[in-house]
Each structure stands twice: as structure tokens, then as C-alpha cells.
Amino acid sequence: MDKSMLGDLGSLPPEDQARMSKMIDQLQIRDSLRMYNALVERCFSDCVESFRRKTLDEQEETCVRRCAEKFLKHSLRVGLRFAELNQGAATPD
Amino acid sequence: MDKSMLGDLGSLPPEDQARMSKMIDQLQIRDSLRMYNALVERCFSDCVESFRRKTLDEQEETCVRRCAEKFLKHSLRVGLRFAELNQGAATPD
Amino acid sequence: MDKSMLGDLGSLPPEDQARMSKMIDQLQIRDSLRMYNALVERCFSDCVESFRRKTLDEQEETCVRRCAEKFLKHSLRVGLRFAELNQGAATPD
Amino acid sequence: ANNDMPTALDKEQIFGMAEKEMEYRVELFNKLTHTCFAKCVEKRYKESELNMGENSCIDRCVSKYWQVTNLIGQLLGSGRPPM
Amino acid sequence: ANNDMPTALDKEQIFGMAEKEMEYRVELFNKLTHTCFAKCVEKRYKESELNMGENSCIDRCVSKYWQVTNLIGQLLGSGRPPM
Amino acid sequence: ANNDMPTALDKEQIFGMAEKEMEYRVELFNKLTHTCFAKCVEKRYKESELNMGENSCIDRCVSKYWQVTNLIGQLLGSGRPPM
Chain B
15 MDKSMLGDLG SLPPEDQARM SKMIDQLQIR DSLRMYNALV ERCFSDCVES FRRKTLDEQE
75 ETCVRRCAEK FLKHSLRVGL RFAELNQGAA TPD
Chain S
15 MDKSMLGDLG SLPPEDQARM SKMIDQLQIR DSLRMYNALV ERCFSDCVES FRRKTLDEQE
75 ETCVRRCAEK FLKHSLRVGL RFAELNQGAA TPD
Chain U
15 MDKSMLGDLG SLPPEDQARM SKMIDQLQIR DSLRMYNALV ERCFSDCVES FRRKTLDEQE
75 ETCVRRCAEK FLKHSLRVGL RFAELNQGAA TPD
Chain R
19 ANNDMPTALD KEQIFGMAEK EMEYRVELFN KLTHTCFAKC VEKRYKESEL NMGENSCIDR
79 CVSKYWQVTN LIGQLLGSGR PPM
Chain E
19 ANNDMPTALD KEQIFGMAEK EMEYRVELFN KLTHTCFAKC VEKRYKESEL NMGENSCIDR
79 CVSKYWQVTN LIGQLLGSGR PPM
Chain W
19 ANNDMPTALD KEQIFGMAEK EMEYRVELFN KLTHTCFAKC VEKRYKESEL NMGENSCIDR
79 CVSKYWQVTN LIGQLLGSGR PPM
């Protein structure tokens, strides 16, 4: 998710900004790894139904690719809408 | 959840009590924010099925209100029962 | 999960090894407690359907035992396969 | 209004609360994303583009999810907006 | 029996374990709450009160969930009660 | 290639990233385990042993899950294997 969604740091003293910024970086790394795990789980669950072979067949692979691409586009769109709502709701500090 | 469920601090030296108490406060803040998120997800999933408009209709809003109120009452009741069982199972330290 | 899956510590200086090792221990404790919680939730959900009595009947208890044993055997097997794939994919550092 | 708050609470607590708040936002965003994907996107995955119907469903889903978050926030009596 | 344990382990470890233990209790409580809500509470939400049937279902659900926690705790050979 | 990396980044960041990486592996393992249990193991629980069909399903499930992890890793353009 976009860093700007996590808060406005402008009003803090520099050393606190640095610390807050590091914290946000850590959260973003964790979040993107979790997203990756969740995406794999979802696309695997939706696309892989048969366990008669140990490798993905072509149809499963295509399904997984589309699932992942769709999810990423979806996630981007949700981020945009979410940011708009967030801005509308934001009160001046 | 009720603070008392998380442990008996009476037997610790004061500075450890303070530290433990801070830790419990942090866990409770995190827990209540997670509960809030989980409640929203559940009531949204149970009550909102149609996406032909971008605002909640009256029926959906009523459903969400009842869902949230029921969940909070439920959660309170579970907390009471849980505390009873906990006490029954507790061994003197 | 097996500690060795979490990384190779051999190439680090001793004090970093100790710190990393502690971190892994903490993660493993957290993970095994989470696994326990997840196992209870799964076997409860799969085995307990009726709420006309407040104690488990014999059939439910048997079901829970088997569910837990099966899950543990399953988890062990997954760990072995996972480790094999991991080793195949590992690049020399 | 809250200009001199930092003197009242100690800094560790402020950072601790900021961290929880950010974790909460990330989790809200993730739950919203997964819930709206499940509600709006066709699971057959016949193509890798979102079609028009899916796109407008997503927009409305985000909007309604947001409203539910606010509605429940009011019920919980937090007195502040959920973000 | 464990009077002098604090000298053996260092304090950081004790606090670390206490933290994990508390996280575990919170998670147990949350999973129990969500599972019993799904098992006992009618999803139509026709009213905002829990009815008698739901209430007694909840009580039994908590009790049985607790028993399953203990049963699996024994199987895992922890030798200690789950709480 | 990365011999002198430790001088570039500070140590806290390296430990922080190692921690996230390990959390990721644990979560991958747990999701895989739960997903393959749901896909392969019969929910009637008539016995406490895994039968032959379940065992071979588990092996294939792990293998396919692994492939999906790699496939999506490539799509995300990480340029590195997921583990």
C-alpha cells in the first residue's frame, strides 16, 4: 500500500520523522511479504483442484497468472479509491 | 478482552509489574483495533451483497447495526464464560 | 517447523549468530502457539456440530483426537517435502 | 487543540500507538482488498484484465466498506473517524 | 517448585515468553469468539438481541471449545493446561 | 558478490529484514500446510492415519504450491526465488 496512506509526518521534529519513517518501512516490508503469501494462497486455492500430477498443467498455470494479474490490478484500484476516501475524511491537523 | 484474563501480576517486583502492565496495554490496544477490523469485515460480508449503488441502503445499514450489536453482546458473554472456565482451571502459583 | 528451514547461520560472526538464534527461538515459540490455536479451531469446527449438551460426546472426542493426529502427521510430511524443495532451490551463498 | 500533548504522554507510548494505528490501517486495507476481490471478481479467470462490471463493482464495494467502517466506528463510540 | 527460576533464565527471555503467552491467550479468545458466533448466531440479523437459543448455544460452544483446547493440549504432550 | 554489504546497510536494518524474511517463511509454511490439509485430507476423520491416497495428494499439493509460489514470485518481478 502507498506510504502516504500511513500518515503525515511533516509536523514532527526531524529525529522523530526518521524513526517514524523507519517504522513505516518495516511495516511495508512485512505487508508486502504478507500480500505475496496471501496472493499465492488465493490463486492456488482458486486454480489448482487436481492432484493427480505433481506439476502444474498449462491450464492451471494460465489461471494462476491471470489470477495474480487481476489481483494486482484490483489492489491498485482499491488503493486509489481508498486514498480518495481517506482524503475526503481527513481533518486538517 | 478483560485485562485480568492475561495474568496475575501480584507476585512480581514493582518495576517488572510496570513493564508487564505496559505490555498488556499494548496488546489490548492492538487487540481492540483488530477486533474492530474483524467486526467490520464480518458484518460487511454478511450484510452487503449488492453493488448496484455506492451507498448503503436502509436495509443494509440496519443489518450492519444489528450484526455489530449482536457481536458485541456475544463477545461479552463469551468473555464471561471464558473467565469462569479460566478460573476453574487456574492452579495456585 | 524445523529450525534449519529458517536459514543458515554458519557464515555470521558469533555475537550475530547468538542474536539471530534468539530471534529464531522467539519465532518458533510464537509459531507453535499459533499452530496450537489453529489446530484447535480446525478440529473443533470439523468435529463439533451440535450444541445440545455442554460436554463433548464420545464421537466428538474421537473425531477431535483423530483430526489432531492426522494434522500432526500431515504437518510433519509437509515439512519434509518442503525441506526437500527448499534444498533443491537453495543457492550457495 | 492537541499542540502540547507530547509533553503529557511519554514518547515511547506515542510511537507505540502510532505503530498500532498504522498496523490497523494496513489490516483494514488488506481486509477490504480481499473482501472486495471475493465479492466482485469472477473466479473463472478467463482473462487477466478487470472488465467494466468488475471495475464498477470494486468502486462501490470500497465505498460501502468504508461506510460500514464508519458506521461501526460510531457504534463503538470511538468518537473519531476510523482513519 | 519454580521459586528460583528467575535466576536461571535471563529476564528478557521471561518477558518474551510472557508476551507470547499473552498473545496466545488473546488469539485463543478471538478464535473462540469468532467460531462460536459463526456456529450459534443466526446470520439474518432480524434483531439486535441474542435470543435464548443463541445464548445457550454460546455457553455450550465456549464449554466445548475449551474441552477441545484441553484435549489437544494433552495430545501435544505439553503437560500443562493450555491457559 | 555481496561480501561487503554489511558495511552499507546498518545492522538493525539487516536484522529487521532477516526477521521479516523468517516470518514470511513461517507464514508460507503455515498457509501451505493448512491449504493442503483442506485439499487432501478427508474431513470425516474415520481413522488417525493418513492413507495412501492422502499421502500422495499431500506430496503433489506441496509441489504444486511451491510452483505457484515461484510463478507468482516471477510475476512480481522480485528477481529472486521466494525462499
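Chains as they are written, first to last, in the numbering used here: chain B, 15 to 107; chain S, 15 to 107; chain U, 15 to 107; chain R, 19 to 101; chain E, 19 to 101; chain W, 19 to 101. For every residue, glycine included, the Cβ atom is placed at its ideal position computed from N, Cα and C.
Status (buried if at least 16 other CB within 10 Å, exposed otherwise) for residue i
i        : result
U:Thr69  : exposed
B:Glu55  : buried
S:Asn51  : buried
S:Met34  : buried
W:Asn48  : buried
E:Val86  : buried
W:Arg43  : buried
R:Glu41  : buried
B:Ala104 : With a pLDDT of only 48 at B:Ala104, under the threshold of 50, the placement of this residue in the model should not be trusted, and no figure is reported.
U:Ser25  : exposed
Boundaries (first-last residue) of the alpha helix (DSSP H) holding residue i
i       : result
R:Phe55 : Lys29 to Cys58
U:Cys62 : Correcting the residue identity first, residue 62 of chain U is Val in this sequence and not Cys. First-last for U:Val62: undefined, no H or E at that position.
E:Asp77 : Met70 to Leu93
Length of the line joining the Cα atoms of residue i and residue j
i        : j        : result
E:Cys79  : W:Phe33  : 43 Å
B:Ser64  : U:Thr76  : 30 Å
W:Pro100 : B:Phe58  : Reliability of the predicted coordinates at W:Pro100 is poor, the pLDDT of 47 falling under 50, and no value is obtained from them.
W:Glu67  : E:Leu93  : 15 Å
E:Asn15  : S:Gly93  : Outside the modelled stretch of chain E, which goes from 19 to 101, sits residue 15 of chain E, for which no answer is possible.
W:Glu45  : E:Leu46  : 18 Å
W:Asp22  : R:Phe55  : Residue placement at W:Asp22 cannot be trusted, given a pLDDT of 48 that sits under 50; what the coordinates show is reported in the next sentence. So the alpha carbons of these two residues sit roughly 43 Å apart.
R:Cys75  : E:Cys75  : 37 Å
B:Asp147 : W:Lys29  : Summary: the structure shown does not reach residue 147 of chain B, with chain B confined to residues 15 through 107, and so no result is reported for it.
S:Asp45  : E:Glu37  : 13 Å
E:Glu71  : U:Glu74  : Looking at the sequence shown, residue 71 of chain E is not Glu but Gly. Between E:Gly71 and U:Glu74, the C-alpha separation is close to 21 Å.
B:Arg67  : U:His88  : 19 Å
S:Glu72  : R:Asn69  : 29 Å
S:Ala32  : E:Val59  : 39 Å
B:Gly102 : U:Gln101 : 50 Å
R:Gln31  : R:Glu65  : 48 Å
E:Ile90  : U:Ala82  : 7 Å
E:Thr53  : E:Asn73  : 14 Å
E:Leu50  : U:Pro27  : 44 Å
R:Asp77  : B:Met49  : 21 Å
B:Gln40  : S:Asp39  : 22 Å
E:Ala19  : S:Met37  : Residue confidence for E:Ala19 is low, a pLDDT of 44 falling below 50, so the modelled location carries little weight; the figure read from the coordinates is stated next. Distance between the alpha carbons of E:Ala19 and S:Met37: 27 Å.
R:Glu39  : W:Glu39  : 23 Å
E:Gly95  : B:Gln42  : 38 Å
R:Gly97  : E:Met35  : Residue confidence is low: R:Gly97 scores 46 on pLDDT, short of 50, so the model does not pin down where it sits. No coordinate-derived value is stated.
Check whether residue i and residue j have beta carbons under 7 Å apart
i       : j       : result
R:Trp84 : B:Leu47 : no
R:Tyr63 : B:Arg91 : no
U:Leu53 : U:Phe85 : yes
U:Asp60 : W:Lys57 : no
W:Lys82 : B:Val62 : yes
Three-state class that DSSP yields for residue i in the structure shown
i       : result
S:Leu41 : helix
E:Tyr63 : coil
U:Ser25 : coil
B:Arg67 : coil
B:Asp30 : helix
R:Asn20 : Confidence in R:Asn20 is poor, its pLDDT being 46 and thus under 50, which makes the residue's placement unreliable; the coordinate value appears in the next sentence. Looking at R:Asn20 - three-state DSSP - the assignment turns out to be coil, as it is neither helix nor strand.
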